[in-house]
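Residue numbers (our numbering), protein chains in the order written: chain A, 158 to 502; chain Z, 158 to 502; chain P, 158 to 502; chain H, 158 to 502.
Number of protein chains: 4
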Amino acid sequence: MSVRIGVIGTGAIGKEHMKRVEQRLSGAKITAVTDVNPAAAEEALHELGIKANFYPNDQALIDAEEVDAIFVTSIGPAHEATVRKAIEAGKYVFCEKPLSVTAKGCKTIMQDEMEYGKRIVQVGFMRQFDKGYEQLKQAIDSKVIGEPLMIKCAHRAPEVDAAYTTDMAITDTLIHEINILHWLLADNYVSVQVLYPRKNKHALPHLRDPQVILLETESGVLIQAEVSVNIKYGYDIQCEIVGEEGIVSLPETESLKIRHNGKQSTDVLQDWKVRFQDAYDKEIQVFINQVAKQEALQGPSAWEGYVAAVTSDACLKAQESGQREPIELESMPAFYSTERKVQLL
Amino acid sequence: MSVRIGVIGTGAIGKEHMKRVEQRLSGAKITAVTDVNPAAAEEALHELGIKANFYPNDQALIDAEEVDAIFVTSIGPAHEATVRKAIEAGKYVFCEKPLSVTAKGCKTIMQDEMEYGKRIVQVGFMRQFDKGYEQLKQAIDSKVIGEPLMIKCAHRAPEVDAAYTTDMAITDTLIHEINILHWLLADNYVSVQVLYPRKNKHALPHLRDPQVILLETESGVLIQAEVSVNIKYGYDIQCEIVGEEGIVSLPETESLKIRHNGKQSTDVLQDWKVRFQDAYDKEIQVFINQVAKQEALQGPSAWEGYVAAVTSDACLKAQESGQREPIELESMPAFYSTERKVQLL
Amino acid sequence: MSVRIGVIGTGAIGKEHMKRVEQRLSGAKITAVTDVNPAAAEEALHELGIKANFYPNDQALIDAEEVDAIFVTSIGPAHEATVRKAIEAGKYVFCEKPLSVTAKGCKTIMQDEMEYGKRIVQVGFMRQFDKGYEQLKQAIDSKVIGEPLMIKCAHRAPEVDAAYTTDMAITDTLIHEINILHWLLADNYVSVQVLYPRKNKHALPHLRDPQVILLETESGVLIQAEVSVNIKYGYDIQCEIVGEEGIVSLPETESLKIRHNGKQSTDVLQDWKVRFQDAYDKEIQVFINQVAKQEALQGPSAWEGYVAAVTSDACLKAQESGQREPIELESMPAFYSTERKVQLL
Amino acid sequence: MSVRIGVIGTGAIGKEHMKRVEQRLSGAKITAVTDVNPAAAEEALHELGIKANFYPNDQALIDAEEVDAIFVTSIGPAHEATVRKAIEAGKYVFCEKPLSVTAKGCKTIMQDEMEYGKRIVQVGFMRQFDKGYEQLKQAIDSKVIGEPLMIKCAHRAPEVDAAYTTDMAITDTLIHEINILHWLLADNYVSVQVLYPRKNKHALPHLRDPQVILLETESGVLIQAEVSVNIKYGYDIQCEIVGEEGIVSLPETESLKIRHNGKQSTDVLQDWKVRFQDAYDKEIQVFINQVAKQEALQGPSAWEGYVAAVTSDACLKAQESGQREPIELESMPAFYSTERKVQLL
């Protein structure tokens, strides 16, 4: 039996997920959609050739008998309320980041989920399903380089539009590093400092770009994260773990090697969707498979949504203050302690 | 509506394809199986948790109403007869290599398919769906390095068992290069010569290993293909195109970079199934998608099966003679002239 | 006519320079030596098969008619006085780092040299003669990546002995980055902050290791420099310049590529003398050539010795304070404004 | 005491060697020159700022008291006679390739040298002094990849002028591979076959380009050597040894890594003089050092000159015949059996 999915929010990322469910993944189909803009929802269905019913709002879609699981791909501020309704209805929910725009909202969701008694919320931190990061995790856990002491990473994009503001370097860009490094290290953050290097001439006047974010963890690991969003040459994700006896780095993406015109070269990707396409596919396939078996989910949890929210808030404060700001998390409930096992599908 | 697939032959490769249809791919399900060993077929279904009906033989399975398309994953000598029955029944058929163990058999299949009037046979040359080879094809076609003049390739495996004989270096190993290079160049082979370098001490007494196969094409491209099947260090597929103004090479497979113990290293794969897993997935997904739309297939055709058979025969003759042997193909029927467009799913 | 060189200090680095002058370089010979330990000096001459006269002290050697130029390779605290005597005698002097152990001492030497009226002091910052750094300099100056915004570098050694203390991470190790980055950027430092990540278990109790030093320049370039001196895997110097439109990185050192035992690998060097052997050769050859022509020297100047001393002092203060410390340089005298042209010999 | 060198032939390569002796190397000076064009010799001395005496012919220069050793850098056909005169005079001689234009001439020289009783002839096969090839030799001898079974190499140049003819692919280009592979393997050639792939459109009408030369050795190693001299993209020397358990390859030349404009790239050299500059320096420095000690030379010997001549003749025959041609060497005299030890200076 296919898992029947209802999609709340049929914008860009919503359509991407609908497309992968219908065209590339196994064991699910889109049966219901809703959107604040009904015409956009109809057009999305038409464009993708999907037959699914339109519902007037999230509650109606969640309540529909033909819906086994929910995709929350609406705008960020709407996520919290929808996720809570899904939990109340006892339906599995995959929620794009952020789980909530406030740490408090994330806590409320955790409370709801714990009361429900089974993990049925997965947050859209897709990098945990990227083959390269999975290999990094395995390498760290194997202790081949000893304990990790430092992480140096970079999140680079060729350009951003005028709507991209300084805080979005944290909430839209670094948020992925916040989650993935926390997952890689299994170690909580304790402080953050933000530095602003010389400004890139390609950045608009209102934007601080690049930025360097220094995070420290409980065990003392120092993270140096670069965010550069006007660097022209490509979309480039770098991550290097410096351990006690060696270094391990994220793979370069696969590319032809060309020798031509005095250069030996490989291509650098330009588009984040291409960079993480396989990871997006896998996060959704894992969600579908676990829903089909009615298992407690093991993908990125509400707790990870909470950690991201708290850390993100501290980063924003550090952007403003120029000082080292503390990051204070509550204790992780035992309910969220199960670690996902890295495995190939 | 899901494409309903009947599987003829539930051995290793059959089970792999069943698993990918049920667990990773979109738009199809396994509804029928048969095998000369019924117990093995039942066990395969059980192991994979698939509910499908068992049929006593290929004809019964092909005739079943619940079967839209056929996977031929039986032993090589059985392929030809089964494929012909599928064509006669007007059912799409995906046939693992070889299409037939003789060039004559391939021609008969082509004749049948042309009489049927639509391309409904796809041969299991999965490398055409490997992202690296797709990029190579695009690079060659773009003329970025001018016309190709030489190809240097290697097909290396860590070891083979005692059943692997000298001729299998052609029929089981080089066969993939024969197909993919023909596809890359869109140029027919005209001659072949086989050289035997110094023997690897790890090769069993009955086996010539390594081997070097020199192929020439109509336009004069010289291919130097190495087959080494006891090289211990890993499963390694190399392909370098030397053009008039540059070189383009197959990507290395993605791997972590580690600096440890005096070395900077990446991993070399050990297993061919891992190397081409994505390509296998894609070849089957493309087949499913085209069947769902009842299109004429664009994947590797019966004609390509015929080219592989003729070339393989000449290579075997060259293994024996030590001389340059001609490769003589009939003219390609216009029916098979449509070239597959490389594209992402 | 060969340049006749007198060596003051025949310890490890002194002997290395004597050996390269006699065995590998052109246009000079060692004619005089002195050392606080006369027996050691004799043994050095014997070991290297060099016929040269022993002098009782630096002044006597400097005054000798048979000496055209001086190598100062004694212990650091002795450098300043010897260099001043050489300038007074009007003899060219190559002085290993540090030029003086105090910024004040460096200023005094600059004063002496300006009074003498020609640049005759070269400081042993050999990295400026490393082919990789020369290429980095050319790439930065070419603006191919736009203006530099950040530098990420690492100075890693497999291990240090018990005499290595936390401050030596600055004065012995980072000192090379202090000089070379200043040369690469042609931009003065304005502040420094030192961070201590989680400690490496291989570091002795008295040592903070690794360390991260954050330097900012007048134009706002942010430098993130790692010093790791117990990292086991090798001696590894990394330097990456992040610019407005791209990244340029120091070359990896040349090494065979091996595919063996499941790995594709290259070697990481273990020994700093091997890493910079060509650079040491070139710095001395350039010195010899300029002395032979009686030119004003263009290699690393007393001013660069002064910049290193001031910066080093601020780094030590930042190690102690944990705060961002200012770096305040005097204005560079016009006398020192000539920039060395990068060129092959 | 400096070794006093007389140069016979002050053309391009002669001047290069004069320059390196005077400006970069240790322990020698140019004291005498001769050339069929006296004005050119004078101009060379003037251009390089060298004071040396001009002699009317090779015999006069060889006989001069002020000459300890001879550089033979005249045109190829003149080498044999000059080298014989030098041996007769008992003077060390460094002779550019070819030692003689005939195998017979090489044998005569060997005869002379053996009668003289000490190895005093070194042939200009500089690749044996290239750091990369030295590392390859060490790797092969260490058996890390087991016994070598195949070598795949390429000698590529961006373009050649109209004077370059098909046979020069052997005598001027492949000659370096002939020597270096023989040295690497310490294994004699037994046969050769030449193949002509599709012609490069950039090659002039009279030239076969590219060419593939297949050489076999006594132990059965198969060498596949590509010569491409109009390949535009750069000067590129590749060498890969396929062994029983792994692969070892020549290092890529050191280059900055740049990420820019959608590409990650390194530079490919354009000029052979840059590629092998260090090797040229080292071959001459080793010659100088051995002459200074009056040792029997260990660099490339007259025997290696003979092997190159015989092999080259067979390759030329194979170019014409299109057949596999035998390569028949006489037995190596014990006089030439000492192998050079690879070592850093």
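Note that CB positions come from ideal geometry on N, CA and C, so glycine has one too.
Measuring alpha carbon to alpha carbon, tell me which residue in the options is nearest residue i.
i: residue 206 (chain A); options: A:191, A:186 and A:265; result: A:186
i: residue 345 (chain H); options: H:217, H:236, H:372 and H:323; result: H:372
i: residue 459 (chain Z); options: Z:253, Z:177 and Z:203; result: Z:253
i: residue 493 (chain A); options: A:221, A:268, A:335 and A:227; result: A:268
i: residue 402 (chain H); options: H:212, H:361, H:453 and H:307; result: H:307
i: residue 222 (chain Z); options: Z:370, Z:452 and Z:188; result: Z:188
i: residue 333 (chain A); options: A:431, A:486, A:468 and A:389; result: A:468
i: residue 296 (chain H); options: P:438, P:424, P:450 and P:474; result: P:424
i: residue 487 (chain P); options: P:194, P:181 and P:260; result: P:260
i: residue 490 (chain H); options: H:271, H:471 and H:290; result: H:271
i: residue 174 (chain A); options: A:241, A:213, A:281 and A:217; result: A:281
i: residue 347 (chain Z); options: Z:190, Z:465 and Z:208; result: Z:465
i: residue 391 (chain P); options: Z:304, Z:431, Z:417 and Z:382; result: Z:417
i: residue 375 (chain A); options: A:438, A:396 and A:342; result: A:342
i: residue 441 (chain H); options: H:171, H:178 and H:364; result: H:178
i: residue 301 (chain Z); options: H:409, H:389, H:444 and H:383; result: H:389
i: residue 291 (chain P); options: P:443, P:436 and P:452; result: P:436
i: residue 279 (chain Z); options: Z:244, Z:294 and Z:287; result: Z:244
i: residue 163 (chain A); options: A:251, A:357 and A:415; result: A:251
i: residue 327 (chain H); options: H:398, H:242, H:384 and H:214; result: H:384
i: residue 419 (chain H); options: A:397, A:456, A:393 and A:317; result: A:393
i: residue 214 (chain H); options: H:319, H:227 and H:336; result: H:227
i: residue 399 (chain Z); options: Z:234, Z:194 and Z:293; result: Z:293
My understanding is that residue i touches residue j, with C-beta atoms under 8 Å, so please give their C-beta distance in whole angstroms.
i: residue 229 (chain Z); j: residue 248 (chain Z); result: Wrong, their Cβ atoms sit about 11 Å apart, outside the cutoff.
i: residue 378 (chain P); j: residue 483 (chain P); result: About 16 Å; that fails the 8 Å criterion.
Is it true that the CB of residue j sits closer than 7 Å to the CB of residue i?
i: residue 246 (chain Z); j: residue 219 (chain Z); result: yes
i: residue 476 (chain P); j: residue 351 (chain P); result: yes
i: residue 197 (chain P); j: residue 239 (chain P); result: no
i: residue 257 (chain Z); j: residue 165 (chain Z); result: no
i: residue 262 (chain P); j: residue 237 (chain P); result: yes
i: residue 338 (chain P); j: residue 380 (chain P); result: yes
i: residue 289 (chain P); j: residue 407 (chain P); result: yes
i: residue 183 (chain Z); j: residue 182 (chain A); result: yes
i: residue 190 (chain H); j: residue 209 (chain H); result: yes
i: residue 354 (chain A); j: residue 367 (chain A); result: yes
i: residue 340 (chain A); j: residue 395 (chain A); result: no
i: residue 471 (chain A); j: residue 369 (chain A); result: no
i: residue 317 (chain A); j: residue 386 (chain A); result: yes
i: residue 445 (chain Z); j: residue 193 (chain Z); result: no
Of all the residues that make up the segment 279-301 of chain A, which are near chain Z by a beta-carbon distance shorter than 8 Å? Result list: 288, 289, 292, 293, 296 and 301.
In chain order, which beta strand (DSSP E) runs of at least 3 residues are fully inside the segment 420-457 of chain Z? Within the segment 420-457 of chain Z, the complete beta strand (DSSP E) runs of at least 3 residues are 420-424.
Residues of the segment 382-416 of chain H in Cβ contact with chain P at a cutoff of 8 Å, in chain order, please. Residues of the segment 382-416 of chain H with a Cβ closer than 8 Å to any Cβ of chain P, in chain order: 402, 403, 404, 405, 406, 407, 408, 409, 410, 411, 412, 413, 414, 415 and 416.
Ranges of the alpha helix (DSSP H) found wholly within the segment 316-362 of chain A, counting only runs of at least 4: The alpha helix (DSSP H) runs of length 4 or more contained entirely in the segment 316-362 of chain A are, from start to end of the chain, 332-342.
Near-chain H residues of the segment 331-353 of chain P (beta-carbon distance less than 9 Å), N- to C-terminal order: Across the segment 331-353 of chain P, no CB contact with chain H closer than 9 Å is found for any residue.
Closer than 9 Å, Cβ to any Cβ of chain Z: which residues of the segment 300-325 of chain H, in chain order? From the segment 300-325 of chain H, only 302, 303, 304, 305, 306, 307, 309, 311 and 313 have a Cβ closer than 9 Å to chain Z.
At 3 residues or longer, and completely inside the segment 240-266 of chain Z: list those beta strand (DSSP E) runs for me, N to C. Listed in chain order, they are 249-252.
Members of the segment 441-460 of chain P that neighbour chain H once the beta carbon cut-off is set at 9 Å: When C-beta distances to chain H are compared with 9 Å, the residues of the segment 441-460 of chain P below that value are 442 and 446, in chain order.
Just to confirm the assignment: which complete alpha helix (DSSP H) runs, minimum length 4, are found wholly within the segment 186-232 of chain P? The segment 186-232 of chain P is shown to contain whole alpha helix (DSSP H) runs of 4 or more residues at 195-205 and 215-220, in chain order.
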